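Numbers 1 to 120, taken from UniProt numbering, label the letters of the sequence shown in order.
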Amino acid sequence: MKVMLPSSLFAMMLSVILIIVGKILGSMSPILESEKKSSFECGFDPLSIMRTPFSTRFFLLAVIFLIFDIEIVLLLPILFLWKQKCNLFLIGSLILFLIILLIGVFHEWKEGSLDWAKEF
Numbered sequence: 001m002k003v004m005l006p007s008s009l010f011a012m013m014l015s016v017i018l019i020i021v022g023k024i025l026g027s028m029s030p031i032l033e034s035e036k037k038s039s040f041e042c043g044f045d046p047l048s049i050m051r052t053p054f055s056t057r058f059f060l061l062a063v064i065f066l067i068f069d070i071e072i073v074l075l076l077p078i079l080f081l082w083k084q085k086c087n088l089f090l091i092g093s094l095i096l097f098l099i100i101l102l103i104g105v106f107h108e109w110k111e112g113s114l115d116w117a118k119e120f
């Protein structure tokens with residue numbers, strides 16, 4: 001305990017000192033932000049924008065696909081259990097899972113997330 005307290009205090013003080021020194025040295029040499037973010041092309045002006053805009057429609061559709069794909073993977077073990085034992089609990093859980101899945105599909109359809117050609 002006697003060794004741990006000074007070591008902890010030393011580590012905290014060293015961390016604070018390094019953070020303060022980093023802030024001071026970082027603000028001493030201001031470099032233009034546009035120069036930092038621009039691409040380097042051997043001294044020439046860039047010919048085109050390096051970062052093409054990303055389609056948020058595609059990203060949203062990909063996330064929806066992953067969500068429903070994972071739900072299908074969760075559905076597979078129930079179908080494998082169907083051959084071994086078919087009881088009321090298994091049927092009820094399967095129907096409940098499918099109803100929740102259909103509600104999600106209808107919600108995304110109503111919201112317009114599944115329409116690829118529609119623009120925001």
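Using N, Cα and C, we set each Cβ at its ideal position, and we do this for glycine too.
For clarity, every value in this text was computed on a predicted model and none was experimentally measured.
Do you know how far the Cα of residue j is from the Cα of residue i?
i: Ile-19; j: Trp-109; result: 50 Å
i: Ile-17; j: Leu-101; result: 54 Å
i: Met-13; j: Val-21; result: 12 Å
i: Ser-7; j: Ser-27; result: 30 Å
i: Ser-55; j: Asp-115; result: 14 Å
i: Ile-67; j: Lys-2; result: 53 Å
Less than 8 Å between the CB atoms is what I'm expecting for residue i and residue j, so what's the real figure, rounded?
i: Leu-60; j: Ser-113; result: 6 Å
i: Leu-75; j: Phe-97; result: 6 Å
i: Leu-90; j: Leu-81; result: 6 Å
Let me know the secondary structure DSSP gives residue i once reduced to three states.
i: Phe-54; result: coil
i: Ser-15; result: helix
i: Leu-98; result: helix
i: Leu-90; result: helix
i: Val-3; result: coil
i: Asp-115; result: coil
i: Lys-23; result: helix
i: Lys-83; result: helix
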